[in-house]
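Chains as they are written, first to last, in my numbering: chain A, 213 to 622; chain B, 213 to 622. Cβ atoms here follow ideal geometry from the backbone N, Cα and C, with glycine treated the same way. Note that the coordinates shown come from a computational prediction; the quantities given were computed from them, not determined experimentally. Here the structure is laid out as structure tokens; the discussion comes afterwards.
2 protein chains.
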Amino acid sequence: MSTESPFTVPHDDPFGPHNLPYGVFRTAADPRPRIGVRYGYRVLDAGAAARATGAPPDLAELLAAPVLNPLLAAGRPAWTRVRTALTAWLTGEAHREAVGPLLVPLAEAELLLPFEVADYVDFYASEHHAVNVGRIFRAGADPLTPNWKHLPIGYHGRAGTVVVSGSPVVRPCGQRRAAGEAAPSYGPSLRLDVEAELGFVVGGASERGSRVAMAEADDHVFGVCLLNDWSARDVQAWEYVPLGPFLGKSFATSVSPWVVPLEALAHARTAPPARDTPLLPYLDDSAAQPPCGLDIAMELRLNGHTVSRPPFAAMYWTYAQMVAHLTVNGASLRPGDLFASGTVSGPAADSVGALIELTHGGERPVELPDGSSRAFLEDGDEVVITATAPGPGGVRIGLGEVAGRVEPAR
Amino acid sequence: MSTESPFTVPHDDPFGPHNLPYGVFRTAADPRPRIGVRYGYRVLDAGAAARATGAPPDLAELLAAPVLNPLLAAGRPAWTRVRTALTAWLTGEAHREAVGPLLVPLAEAELLLPFEVADYVDFYASEHHAVNVGRIFRAGADPLTPNWKHLPIGYHGRAGTVVVSGSPVVRPCGQRRAAGEAAPSYGPSLRLDVEAELGFVVGGASERGSRVAMAEADDHVFGVCLLNDWSARDVQAWEYVPLGPFLGKSFATSVSPWVVPLEALAHARTAPPARDTPLLPYLDDSAAQPPCGLDIAMELRLNGHTVSRPPFAAMYWTYAQMVAHLTVNGASLRPGDLFASGTVSGPAADSVGALIELTHGGERPVELPDGSSRAFLEDGDEVVITATAPGPGGVRIGLGEVAGRVEPAR
Numbered sequence: 213m214s215t216e217s218p219f220t221v222p223h224d225d226p227f228g229p230h231n232l233p234y235g236v237f238r239t240a241a242d243p244r245p246r247i248g249v250r251y252g253y254r255v256l257d258a259g260a261a262a263r264a265t266g267a268p269p270d271l272a273e274l275l276a277a278p279v280l281n282p283l284l285a286a287g288r289p290a291w292t293r294v295r296t297a298l299t300a301w302l303t304g305e306a307h308r309e310a311v312g313p314l315l316v317p318l319a320e321a322e323l324l325l326p327f328e329v330a331d332y333v334d335f336y337a338s339e340h341h342a343v344n345v346g347r348i349f350r351a352g353a354d355p356l357t358p359n360w361k362h363l364p365i366g367y368h369g370r371a372g373t374v375v376v377s378g379s380p381v382v383r384p385c386g387q388r389r390a391a392g393e394a395a396p397s398y399g400p401s402l403r404l405d406v407e408a409e410l411g412f413v414v415g416g417a418s419e420r421g422s423r424v425a426m427a428e429a430d431d432h433v434f435g436v437c438l439l440n441d442w443s444a445r446d447v448q449a450w451e452y453v454p455l456g457p458f459l460g461k462s463f464a465t466s467v468s469p470w471v472v473p474l475e476a477l478a479h480a481r482t483a484p485p486a487r488d489t490p491l492l493p494y495l496d497d498s499a500a501q502p503p504c505g506l507d508i509a510m511e512l513r514l515n516g517h518t519v520s521r522p523p524f525a526a527m528y529w530t531y532a533q534m535v536a537h538l539t540v541n542g543a544s545l546r547p548g549d550l551f552a553s554g555t556v557s558g559p560a561a562d563s564v565g566a567l568i569e570l571t572h573g574g575e576r577p578v579e580l581p582d583g584s585s586r587a588f589l590e591d592g593d594e595v596v597i598t599a600t601a602p603g604p605g606g607v608r609i610g611l612g613e614v615a616g617r618v619e620p621a622r
Numbered sequence: 213m214s215t216e217s218p219f220t221v222p223h224d225d226p227f228g229p230h231n232l233p234y235g236v237f238r239t240a241a242d243p244r245p246r247i248g249v250r251y252g253y254r255v256l257d258a259g260a261a262a263r264a265t266g267a268p269p270d271l272a273e274l275l276a277a278p279v280l281n282p283l284l285a286a287g288r289p290a291w292t293r294v295r296t297a298l299t300a301w302l303t304g305e306a307h308r309e310a311v312g313p314l315l316v317p318l319a320e321a322e323l324l325l326p327f328e329v330a331d332y333v334d335f336y337a338s339e340h341h342a343v344n345v346g347r348i349f350r351a352g353a354d355p356l357t358p359n360w361k362h363l364p365i366g367y368h369g370r371a372g373t374v375v376v377s378g379s380p381v382v383r384p385c386g387q388r389r390a391a392g393e394a395a396p397s398y399g400p401s402l403r404l405d406v407e408a409e410l411g412f413v414v415g416g417a418s419e420r421g422s423r424v425a426m427a428e429a430d431d432h433v434f435g436v437c438l439l440n441d442w443s444a445r446d447v448q449a450w451e452y453v454p455l456g457p458f459l460g461k462s463f464a465t466s467v468s469p470w471v472v473p474l475e476a477l478a479h480a481r482t483a484p485p486a487r488d489t490p491l492l493p494y495l496d497d498s499a500a501q502p503p504c505g506l507d508i509a510m511e512l513r514l515n516g517h518t519v520s521r522p523p524f525a526a527m528y529w530t531y532a533q534m535v536a537h538l539t540v541n542g543a544s545l546r547p548g549d550l551f552a553s554g555t556v557s558g559p560a561a562d563s564v565g566a567l568i569e570l571t572h573g574g575e576r577p578v579e580l581p582d583g584s585s586r587a588f589l590e591d592g593d594e595v596v597i598t599a600t601a602p603g604p605g606g607v608r609i610g611l612g613e614v615a616g617r618v619e620p621a622r
């Protein structure tokens, strides 16, 4: 037996008492998928803790599920109750004896996809990214389309291929047309890329035919995860006009295993960039309090080497605007809906969230410390995206990581 | 008690023994959602029939579910066994006493969404539609984009707003930019439209990272339904460049309550239109036997008046090509995936599947028998899409209908 208390977490641990992110895990000893809450380098078996502490039955039932969806469906008041209970179990004295044995070492936990994804939407909320990519995909035209500053552009992606961090990504095959060729050819993507994004996990449902105002967004957004929107740029370039990205994206989207609750990001809130175009009232957030920009510092690593540091604070559109726009036509929200920010790119050359931007469309490969270089991803490459946000008293809140390795095309 | 046997179905009934479509229903007497099979003007309680006839337990379990998804997941061999059993129960003599009381009058059945939609994809497979709409949305440019004849263009839609026939459709609000205006305005859509489509319901799953060849498509496509892809043309026109349709479509997609199994369409198979552009091998269906075109005659009715008769046989891309393309990048299929054909439009002016085509972008309103005319839909309008396909011996196979009424914007 270790002599160290399982409740001991360093003051500056990014997974300390101010974070308490939710995931789903299993262990070799107990292979049932169950809800876990990360605390330092341990995972609390949350359902078992609810039973052991005599939590109210409705709350215990939410935590006894094999996925987060019932908790997501329960809505903001239940989320607050659960977080309050978790805080008491982990930081109070009353339940130490009951809860201590339920803290599993992180190394023993296999982390699973934390929720069943209902609908997946990907936005395009970074002005820097939209300009950078617009120049590459639509050379000669204005890089920002006329609608860009009026609405958060988005599209639906494939929910069934959202996978948890660590899942391998097979290089996709498909059609692409080489420059100067009249007809497309078929084969493995030659321009496999990543997009470093933040994902927003939707909880409380909304009714079809109704709208969710920006001010109500926090009743419907449970928390955030990191997301890698793997992209086959050659496939995408050939297919995306006129109906948008499809096979260039649908082969895999990776998410981090920990969903950080919105409450844990209270100190990360910041005003979004100044709006230089007047917004329609349902998107006008000039008076929003608290602001819904998020000062989250991201890092993009390729084979262990940091190639970029995308700043989420630079995103033009906020999650509250995304929720308001997503539902303005009466589209309903369901528990388990996932919407992503789009590639997070800042203004600096080393703050962009995709290789296509970092390498200027592949023309200026990035040098790696092993002497190799990359225009796009090679088989065997591993991509890891990490992030932290400011917490109280100088502590950082960890978002963990989303990792994936490229496997050869089949 | 009626003296007529519940098994009596006229020889030419479109829901006779050669059809046997699946749905989910409930009754006032028994409000539990359960699987039903339509037979003439009755609905067989399929789960109860399996129990009453002593069907094998695995088969009975599939039919005891409150949605079609477990049956969809079971795959082609199970689908064949279930259909064989249903045929025996309804047309044989052995089980009449047990099954007769389980045939519920259609009028007593409330028809529900028959399956939980996993991912929803909408294709764009009619050349006539693509040309007609391309001329309106991209005046001056070639109406067919360069990729159109090389791949079935598609995009993901919102699974959470797929609703069953009869569900009201609230007029969506959103942004649209009037001709000549610099900035968009907000309000109810002024160009609400329909798209008459065929939906394909996916059963057998496929593994992420693998491909489904055209020849394997029938192992993964369970059957078809009718689908109305309601569209707000003004919202769509403003938002769709560069990432495709989003809010212009996501407010509602209606499907018919009966999923007609692929087996029932054996006599509808027909060669698709001649391909004038060579196809890459994974899409080359020149030698496909049986062919995967479908000779389905559709009808589009507005307030009871038939405004168009779209011929599905005119569709350029087949469902087998859609499956092969959808998975060519390794994207997986899940039970409950739904993919739609895109608007079914034939070459004739009165064979197009959307008002925007029928009215030439709203410029030539269609006249209705009550003396009114429509450029686009007005509040209170009811749209019904019906279809039949050839069956054996001159019998028609009914696809039923998908209906919806427009409610005023909220």
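Residues bridged to residue i (per DSSP)
i, result
"Q387 (chain B)", "B:Y398"
"V414 (chain B)", "B:V433"
"Y494 (chain B)", "DSSP lists no partner for Y494 (chain B)."
"I247 (chain A)", "A:V236"
Chain B contact for residue i (CB, 8 angstroms cutoff)
i, result
"E451 (chain A)", "yes"
"N204 (chain A)", "What is shown of chain A runs 213 to 622, which leaves residue 204 (chain A) out entirely."
"Y623 (chain A)", "This structure cannot speak to residue 623 (chain A), because chain A is shown only from 213 to 622."
"Y336 (chain A)", "yes"
"P522 (chain A)", "no"
"N359 (chain A)", "yes"
Residue i burial status per 10 Å Cβ neighbour count (16 or more: buried)
i, result
"A371 (chain B)", "buried"
"P522 (chain B)", "buried"
"Y398 (chain A)", "exposed"
"E419 (chain A)", "exposed"
"R308 (chain A)", "exposed"
"G542 (chain B)", "buried"
"D354 (chain A)", "exposed"
"Q448 (chain A)", "buried"
"D257 (chain A)", "buried"
Residue range of the unbroken beta strand (DSSP E) whose run includes residue i
i, result
"R617 (chain B)", "R608 to E619"
"P602 (chain B)", "E594 to P602"
"A509 (chain B)", "A509 to L514"
"G346 (chain A)", "Counting along the chain, G346 (chain A) falls outside any beta strand (DSSP E), though it belongs to the alpha helix (DSSP H) covering E339 to F349."
"A560 (chain B)", "Where A560 (chain B) is concerned, there is no enclosing beta strand (DSSP E), given that its DSSP letter is neither H nor E."
Partner residues on chain A for residue i, Cβ-Cβ distance less than 7 angstroms
i, result
"R546 (chain B)", "G372"
Proximal residues of chain B, C-beta to C-beta of residue i below 7 angstroms
i, result
"D331 (chain A)", "R370, A371 and G372"
First through last residue of the alpha helix (DSSP H) which encompasses residue i
i, result
"A539 (chain B)", "Residue 539 (chain B) is actually Thr in this sequence, not Ala. Here the alpha helix (DSSP H) through T539 (chain B) covers Y531 to T539."
"G259 (chain A)", "A258 to A264"
"L323 (chain B)", "Counting along the chain, L323 (chain B) falls outside any alpha helix (DSSP H), though it belongs to the beta strand (DSSP E) covering E322 to L324."
"A500 (chain A)", "Careful: A500 (chain A) lies outside any alpha helix (DSSP H) and carries neither H nor E."
"I568 (chain A)", "L567 to L570"
"A449 (chain A)", "R445 to E451"
"A297 (chain A)", "R288 to T303"
"P269 (chain B)", "P269 to L275"
Neighbour flag for residue i against chain A, beta carbons, 8 angstroms
i, result
"V519 (chain B)", "no"
"P326 (chain B)", "no"
"Y398 (chain B)", "yes"
"R622 (chain B)", "yes"
"Y164 (chain B)", "Summary: the structure shown does not reach residue 164 (chain B), with chain B confined to residues 213 through 622, and so no result is reported for it."
"L459 (chain B)", "yes"
"H341 (chain B)", "no"
Partner residues on chain A for residue i, Cβ-Cβ distance less than 9 angstroms
i, result
"R420 (chain B)", "G372, T373, V375, S379, V382, F463 and A464"
"C385 (chain B)", "R423, Y494, V540, N541 and G542"
"F412 (chain B)", "Ordered by position in chain A, no residue passes the 9 angstroms Cβ test against F412 (chain B), which lies about 16 angstroms from the chain."
Contacts of residue i in chain A (Cβ-Cβ under 8 angstroms)
i, result
"V447 (chain B)", "N541"
Contact set between residue i and chain B, taken where Cβ atoms lie within less than 9 angstroms
i, result
"A408 (chain A)", "Those do not exist, as A408 (chain A) stays about 18 angstroms from chain B at its closest Cβ, beyond 9 angstroms."
Contacting positions in the region 276-290 of chain A - beta carbon closer than 8 angstroms to chain D: The displayed structure is made up of protein chains A and B, and chain D is not among them.
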